[in-house]
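Residue numbers (this note's numbering): 906 to 1136.
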Ligand code: PGA
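Given below as structure tokens:
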């Protein structure tokens, strides 16, 4: 069992073969995989003998109705999916507060993504942006926060370790002052260009509780190495 949380975000890739590879590679490692909607049931089926859990990458802000193409929190519950990511920079819209509400109504575990873009980073607006993004949180039960600087996602560029450390600390302090008296129950993850080569050092230098991994999770052997190195 890993002591840190590792979650792979498979994004909008056709992951049939990748799921097969995960199925045949996995021994007894625990981690999460966020798969595109159409693969949720298949992923659960393929990984049912393993400690790997499967989550969704997004959810509709609406409960039900005439919203063609959208997927509701209730549908995720019916598919026995109990974790959903909300606010990823590739999917973040104006309705994130409603999405959080819908997920909470269904008692889903939430991975809530926050992070500044390059403009905000370069113009010293990081803290302000993060506070705006955190402010929409209502309840903080069953919640993880993933700090993902937009400019680090898929670019191979990481912030300095001390920046990750300070930012995650700031997020924790803000949550403690404004949203919860039990910060210990909210894992604080980092995401952005994490792979098997850099994860150990990031972990040791930043005190994060784990990682959200995008590109590197498309190769099961790489994500599994991240999981092992994060034990
Ligand atoms: P990356 O993506 O690891 O490819 O940078 C992270 C993410 O989008 O969650």
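Backbone N, C-alpha and C define an ideal beta-carbon position, used for all residues, glycine too.
Out of the options, which has the shortest C-alpha to C-alpha gap to residue i?
| i | options | result |
| --- | --- | --- |
| residue 870 | 992, 991, 967 | What is shown of the chain runs 906 to 1136, which leaves residue 870 out entirely. |
| residue 963 | 976, 915, 956 | 976 |
| residue 1095 | 1025, 1119, 1089 | 1119 |
| residue 990 | 916, 999, 920 | 916 |
Residues in the same chain with beta-carbon distance under 7 Å from residue i, minus the five sequence neighbours each way, listed in chain order, please.
| i | result |
| --- | --- |
| residue 897 | With the chain covering 906 to 1136 only, the question about residue 897 has no answer from this structure. |
| residue 1036 | 1079 |
| residue 1084 | 1042, 1045 |
Within its chain, find whatever has a CB closer than 8 Å to the CB of residue i; leave out the 5 residues flanking it on each side and keep chain order.
| i | result |
| --- | --- |
| residue 994 | 1018, 1020, 1022, 1053, 1055, 1058 |
Counting only beta-carbon separations shorter than 8 Å, does residue i have a partner in chain C?
| i | result |
| --- | --- |
| residue 1072 | Here there is only one protein chain, and chain C is not present. |
Beta strand (DSSP E) containing residue i: first to last residue?
| i | result |
| --- | --- |
| residue 1072 | Per DSSP, residue 1072 belongs to no beta strand (DSSP E); it is in the alpha helix (DSSP H), 1066 to 1083. |
| residue 939 | 937 to 940 |
From residue i to residue j, what does the alpha carbon distance come to, in whole angstroms?
| i | j | result |
| --- | --- | --- |
| residue 970 | residue 960 | 23 Å |
| residue 1015 | residue 951 | 23 Å |
| residue 935 | residue 987 | 16 Å |
| residue 1071 | residue 932 | 35 Å |
| residue 907 | residue 1135 | With a pLDDT of 48 at residue 907, under the threshold of 50, the modelled position of that residue is not reliable, and the figure given next carries that caveat. Going by the C-alpha atoms only, they are around 6 Å apart. |
| residue 1039 | residue 1062 | 24 Å |
| residue 1075 | residue 1024 | 20 Å |
| residue 1133 | residue 948 | 21 Å |
Name, in chain order, the residues that DSSP records as bridge partners for residue i.
| i | result |
| --- | --- |
| residue 1018 | 1051 |
| residue 991 | 1017 |
| residue 910 | 1115 |
| residue 959 | 938 |
Spatial neighbours of residue i within its chain, please: C-beta separation below 6 Å, excluding the five flanking residues on both sides.
| i | result |
| --- | --- |
| residue 982 | 1011 |
Residue i lies in the alpha helix (DSSP H); which residues open and close that run?
| i | result |
| --- | --- |
| residue 1026 | 1023 to 1027 |
| residue 1062 | Segment: none, residue 1062 is in no alpha helix (DSSP H) and carries neither H nor E. |
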